[in-house]
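Accompanying notes for the structure given below.
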Amino acid sequence: MQEQGIMTVCNNLNVGEKSTGPLDGIRVLDMATMIVGPVATQWLGDMGADVIKVEPPDGDLTRNIGPRHSPDMGAFFLGSNRNKRSIALNLKKREARPVFERLVRSSDVILYSIRTEAAERLGLTYKKLSALNPKIILCHVKGFADEGSYGGMAAYDDVVQAVSGLAMLQSVVTGEPRYVPSIIADKVTGLQAAYAISLAIFHRLRTGQGQEISIPMFETMAAFNMTEHLWGEIFVPPLAGTGYPPITTKARRPFKTSDGGYLCVLPYTEQHWARFCEVVGDPVLTADPRYATHAARQSDQLGFWNEVANQVKRKSTAEWVEALTAADVPFGLANSLDDLLTDPHLESVGFWQTFQHPTEGALRMMANPTTMSASPASIRHLPPRLGEHSAEILRELEFGADDIAALTAQGVFGPDPAIREHH
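In my numbering, the protein residues as written are 5 to 427.
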């Protein structure tokens, strides 16, 4: 990469170019808002899908969240809506139905995150959509499975963190339930949706069948949290309670070094522990039977991690980095979010890429972290302005100029007197 002012020039940029990804030729209608759906469809777009973001005339709610140069182009929206084209469409108007039906017939996947009752009211059920396109794959992201006692309830990330046990897990350290300071339930569920959609596409390639996918956030996060924390309750009757002890101990934390830095060090195996003790240079610690074996260390998590903390505070951050690197003991610096912006490893792999947006100026984006040798991900479209591609998409759907003018006059695309076609 070369620095050219504030613009990072990368050799593998594909803005405006044809997709190289495995989902090239797949069209996805993104009818979701907030984070969960857009994260899923952005991942599909990175992997080559033609993602059309179908927005109401006033746009996705997230468009005006966060700092921004222009109306409707807030930071929150920009972070999860690249590799998409935008069409503004008022689905509450009867006149918009022919446009939407052509979109459905031309698409492979539809994703939305509204409640089932609203989907039925808008005519977005799988039964109606598959009547238009029998091979359609519908992915419905919802808070809770409809069949359960919570079915139909509203859900946001905080709600799901609470009911899935994640917020209460934080009380081990904080003394009271706390939310993880990340929109983790939305993002995990979004990746689950992208995974399920990819499998459904594979199934359709083999069988010709479309299908309906239901992705409930609560169940997704319950499974995510209980993978290790089911613990002794995996047996019937249980051999122990829930909660994986090495994770739930209060002593599990980054440790402070002598110069005020924080370090994660994990001498997990026998070899790691032996090499850590060599770095420390304390023969008493090396011979201590309380920590001599993995089983012994597991049985006294609090004492073990407190001993590690006592050792870490005796050296500076730089000394630990040098010593642990040489000894090949797993460790990592406790980075802040700002630290990630200049992390040398992320810089060396081209993780941060800067693009020149036609209206928003230079935008910093994260490369898709998945590397595929034969069908790599790419960034081909920067986050779209509201309705930026409406006219382009309508022409692809074989609407003529007179048709577009009539639909515009009927308010199908919003209050503007004409479609805003951007160049």
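Note that CB positions come from ideal geometry on N, CA and C, so glycine has one too.
Look at residue i and residue j and say whether their C-beta atoms are less than 8 Å apart.
i	j	result
residue 431	residue 136	This structure cannot speak to residue 431, because the chain is shown only from 5 to 427.
residue 205	residue 114	no
residue 259	residue 322	no
residue 192	residue 228	yes
residue 43	residue 195	yes
residue 56	residue 107	yes
residue 69	residue 54	no
residue 131	residue 220	no
residue 103	residue 411	yes
residue 277	residue 295	yes
residue 358	residue 367	yes
residue 416	residue 99	yes
residue 457	residue 148	Here the chain comprises residues numbered 5 to 427, so residue 457 is not present and cannot be evaluated.
Compare the C-alpha of residue i against each of the options and name the closest.
i	options	result
residue 275	231, 285, 333	333
residue 189	161, 206, 309	161
residue 430	89, 365, 280	Residue 430 falls outside the range modelled here, since the chain spans only 5 to 427, and no answer is possible.
residue 80	106, 318, 96, 37	37
residue 50	89, 77, 61, 74	89
residue 371	156, 47, 238	47
residue 169	182, 159, 416	182
residue 402	70, 319, 105	105
residue 316	261, 340, 277	261
residue 331	354, 154, 310, 285	285
residue 83	66, 99, 98	66
residue 391	52, 76, 173, 365	76
What did DSSP end up calling residue i once you bin it into helix, strand or coil?
i	result
residue 162	helix
residue 22	coil
residue 405	helix
residue 72	coil
residue 283	helix
residue 240	coil
residue 415	coil
residue 321	helix
residue 111	coil
residue 221	helix
residue 361	strand
residue 116	strand
residue 31	strand
residue 443	Since the displayed the chain opens at 5 and closes at 427, residue 443 lies outside it and no answer follows.
residue 248	coil
residue 410	helix
residue 302	helix
residue 43	helix
residue 308	helix
residue 269	strand
residue 187	coil
residue 192	helix
residue 16	Caution is warranted here: a pLDDT of 44 is assigned to residue 16, below 50, making its placement in the model unreliable, and no coordinate value can be reported.
residue 262	coil
Rounded to whole angstroms, what is the Cα-Cα separation between residue i and residue j?
i	j	result
residue 207	residue 213	7 Å
residue 39	residue 282	47 Å
residue 120	residue 150	8 Å
residue 85	residue 385	9 Å
residue 361	residue 74	12 Å
residue 218	residue 288	57 Å
residue 341	residue 139	43 Å
residue 222	residue 249	24 Å
residue 399	residue 406	11 Å
residue 387	residue 21	15 Å
residue 101	residue 216	21 Å
residue 425	residue 394	Note on residue 425: pLDDT 46, under 50, position unreliable in the model; no value is reported.
residue 350	residue 319	26 Å
residue 309	residue 225	28 Å
residue 311	residue 257	13 Å
residue 117	residue 236	35 Å
residue 408	residue 396	11 Å
residue 144	residue 364	32 Å
residue 72	residue 64	15 Å
For a test of your reading of the model: does the CB of residue i fall under 7 Å from any non-hydrogen atom of the ligand MG? Yes or no.
i	result
residue 53	You won't find the ligand MG in this model; it holds no ligand whatsoever.
| the segment 20 to 38 / the segment 370 to 388 touching (three or more Cβ pairs under 8 Å) | The segment 20 to 38, when compared against the segment 370 to 388, does touch it at the 8 Å Cβ threshold.
| field | Three CB pairs or more closer than 8 Å across the segment 296 to 305 and the segment 248 to 267 | value | In short, these stretches touch, since the Cβ pair count reaches three.
| task | Count the C-beta pairs between the segment 333 to 353 and the segment 265 to 274 that are closer than 8 Å, then say yes if the count reaches three, no if not. | result | Of all C-beta pairs linking the segment 333 to 353 to the segment 265 to 274, three or more are shorter than 8 Å, placing the two stretches in contact.
| Cβ contact (3+ pairs, closer than 8 Å) linking the segment 178 to 195 and the segment 233 to 242 | No: fewer than three Cβ pairs fall under 8 Å.
| field | Meets three-Cβ-pair contact criterion under 8 Å: the segment 94 to 107 and the segment 56 to 72 | value | Contact holds: three or more Cβ-Cβ distances are below 8 Å.
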